[in-house]
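Residue numbers (the numbering used here), protein chains in the order written: chain A, 3 to 152; chain B, 3 to 152; chain C, 3 to 152; chain D, 3 to 152.
Virtual Cβ for every residue (Gly too), placed ideally from N, Cα, C.
Here's the structure we're looking at; comments come further down.
Below, the structure is given as structure tokens:
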């Protein structure tokens with residue numbers, strides 16, 4: 003099984019220190035920030051599996067969010083450190099799904115869970131099949147998400 | 003049927019001019035902004051039905067987002083005017099749901115659809131039954147969402 | 003003196019309804035939002051004087067912020083409507099300055115004053131002399147800011 | 003000279019990984035984010051000198067931004083790591099100033115410099131003299147900024 007210096011699983015943990023500018027007048031983190039934290043963890047995850055922004059950009063591939071869900075359980079506060087755990091849960095060749103769990107670093111209390119769904123598009127906005135346009139990245143996804151060797 | 007100068011239905015349209023600071027390097031609106039636009043329309047809707055922030059605050063009632071979904075269809079660009087249509091679709095006395103459609107003002111092309119789910123809490127974070135703690139606001143919800151006269 | 007349907011002065015007023023997501027845990031608008039509101043007014047001003055984004059983009063001209071100042075006097079709150087007054091105060095052919103006053107629409111109490119300084123660059127990031135690369139836009143600036151006829 | 007486990011100087015370096023949601027359609031970080039990064043570094047600095055948010059809050063002291071300046075030199079991009087250096091440059095008992103330098107972690111190229119000016123207020127918004135209301139925090143500022151022993 004390949005991977006080399008790459009991560010061997012499609013999961014990562016990303017830490018985030020809650021900033022003052024992320025609070026709202028309820029005295030907690032505004033709910034829209036969790037959507038941004040999902041993206042922070044996603045960025046880190048793709049870097050780790052060798053499919054980071056710069057590599058994908060060179061291939062002319064963008065993977066926009068086409069669907070989102072979030073469930074808010076408890077509220078993160080200013081100066082809390084949260085961990086955003088992101089895991090690719092599905093890959094079909096043309097789409098992939100990520101699930102997220104945001105929890106407090108200290109207490110491990112879950113703050114928020116969520117999912118995002120993505121497709122692949124070219125710079126011109128045309129939907130791509132990764133399998134066809136980039137067999138190497140496709141193989142990497144297959145290996146990590148679907149457990150298939152390259 | 004009551005309501006007086008209030009809106010007679012739990013639905014509203016809210017316009018938003020897409021700002022430069024809302025774009026990302028894909029050249030379109032960053033997806034997290036739609037979540038904020040949902041909130042803009044929600045604020046307007048609650049003002050119109052007579053349950054606006056100041057009134058609710060005086061009653062000590064906050065209604066945080068406990069769930070979110072969004073489906074992204076097409077992409078809004080800088081200087082586009084979008085319309086965010088928000089409608090309360092469910093009210094149970096302790097929870098309510100809103101659905102959203104964001105479309106281009108000029109072409110009416112749908113950009114994004116979504117939902118949010120809310121509960122009621124006190125300033126101290128305790129979950130409230132609106133029916134018990136504020137019969138008047140409860141009656142207003144019942145009238146508008148469930149078609150029941152006060 | 004030209005201008006036609008265009009504004010006859012390099013000044014405009016832009017209204018903004020303060021959103022919940024713009025508040026912080028101090029219970030007021032986070033100070034970084036004023037910087038974004040400056041941009042909202044700037045966008046509107048340039049549209050009105052006929053040098054809006056789309057026109058400038060077609061010419062391949064971008065005018066990034068190279069300097070900023072802000073003085074915070076009083077605090078805008080959720081659901082307040084503020085007016086952002088923006089005025090071009092200087093134009094040199096390669097740079098221009100804008101000054102801003104943000105005040106409450108109802109009470110006219112000043113919330114914030116500020117300035118921004120801009121240069122012109124090409125898409126490739128090269129600094130441009132507007133006078134050389136776009137005499138028409140240059141003439142428009144000269145007319146509005148420096149009172150010189152085309 | 004005191005300080006104990008506290009930092010011995012009113013200066014700190016804070017790292018920030020530029021996020022996708024911080025980019026704009028120019029393909030670089032939107033200029034308003036630097037203002038937020040200043041705050042990130044300020045938060046870290048005050049934690050380090052023993053005057054962090056929680057401590058100050060317990061004393062009922064808030065220190066809002068009353069003035070800001072920024073000079074933009076070069077542009078940070080997605081996935082860049084920037085360092086925000088923050089230093090308290092002036093303390094008068096009722097006001098303090100911080101200066102900031104944002105530079106690329108790898109190349110050390112300066113992206114942005116800036117300043118912020120702060121006063122002290124109570125929760126009710128009343129301006130405070132730190133010297134009078136909190137001699138201990140005053141002594142800490144005096145020691146670090148003005149080189150005076152407690």
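Can you tell me whether residue i is helix, strand or coil according to DSSP?
i	result
residue 119 of chain C	strand
residue 94 of chain D	coil
residue 127 of chain D	coil
residue 5 of chain C	At residue 5 of chain C the pLDDT is 40, less than 50, meaning the model places this residue with poor confidence; the figure from the coordinates comes in the next sentence. Coil at residue 5 of chain C, not helix or strand.
residue 56 of chain D	helix
residue 20 of chain A	coil
residue 30 of chain D	coil
residue 37 of chain A	helix
residue 83 of chain B	strand
residue 45 of chain D	helix
residue 25 of chain A	strand
residue 109 of chain C	coil
residue 151 of chain D	coil
residue 145 of chain B	helix
Would you mind telling me which residues of chain B sit closer than 9 Å to residue i, beta carbon to beta carbon, in chain order?
i	result
residue 34 of chain D	23
residue 100 of chain A	Residues of chain B passing the Cβ test: none, with the nearest at roughly 13 Å.
In chain D, which residues lie less than 9 Å from residue i when you measure between Cβ atoms?
i	result
residue 81 of chain A	45, 49, 54, 55 and 56
residue 64 of chain C	28
Which bits of chain B does residue i rub up against, with CB to CB less than 8 Å?
i	result
residue 38 of chain C	21 and 23
residue 26 of chain D	22, 23, 25, 26 and 27
Does chain B have any CB closer than 7 Å to the CB of residue i?
i	result
residue 119 of chain C	no
Distance cutoff 7 Å, beta carbons only. Does residue i sit that close to anything in chain A?
i	result
residue 151 of chain D	no
residue 41 of chain D	yes
residue 29 of chain C	yes
residue 106 of chain C	no
residue 93 of chain B	no
residue 4 of chain B	Confidence at residue 4 of chain B is low in this model, with a pLDDT of 41, below 50, so its placement is unreliable and the value that follows should be read with caution. Chain A contact via Cβ: absent.
Can you tell me which residues form a DSSP beta bridge with residue i?
i	result
residue 74 of chain A	A/114
residue 101 of chain A	A/89 and A/117
residue 63 of chain C	C/124
residue 14 of chain C	C/88
residue 69 of chain D	C/73 and D/119
Taking CB distances under 7 Å as the criterion, tell me whether residue i reaches chain D.
i	result
residue 70 of chain C	yes
residue 67 of chain C	yes
Using a C-beta cutoff of 7 Å, does residue i count as contacting chain C?
i	result
residue 138 of chain D	no
Which residues in chain A sit within 9 Å of residue i, going by Cβ to Cβ distance?
i	result
residue 128 of chain B	What residue 128 of chain B touches in chain A: nothing, since even the nearest Cβ is about 13 Å away.
Counting Cβ pairs closer than 8 Å, one from the stretch 108-125 of chain D and one from the stretch 65-73 of chain D, do we hit at least three? yes
Three or more C-beta pairs closer than 8 Å, one from the stretch 47-64 of chain C and one from the stretch 42-49 of chain B: is that the case here? no
Do the stretch 26-37 of chain B and the stretch 73-93 of chain B touch if we need at least three Cβ pairs shorter than 8 Å? yes
Can you find at least 3 beta carbon pairs, one from the stretch 21-31 of chain D and one from the stretch 21-32 of chain B, that sit closer than 8 Å? yes
Are at least three pairs of beta-carbons, each pair with one atom in the stretch 86-93 of chain D and one in the stretch 13-22 of chain D, less than 8 Å apart? yes
Count Cβ pairs between the stretch 96-103 of chain C and the stretch 98-112 of chain D that sit closer than 8 Å; are there 3 or more? no
Any contact of the stretch 137-152 of chain C with the stretch 131-144 of chain A, i.e. 3+ C-beta pairs under 8 Å? Counting Cβ pairs under 8 Å, fewer than three are found: no touch.
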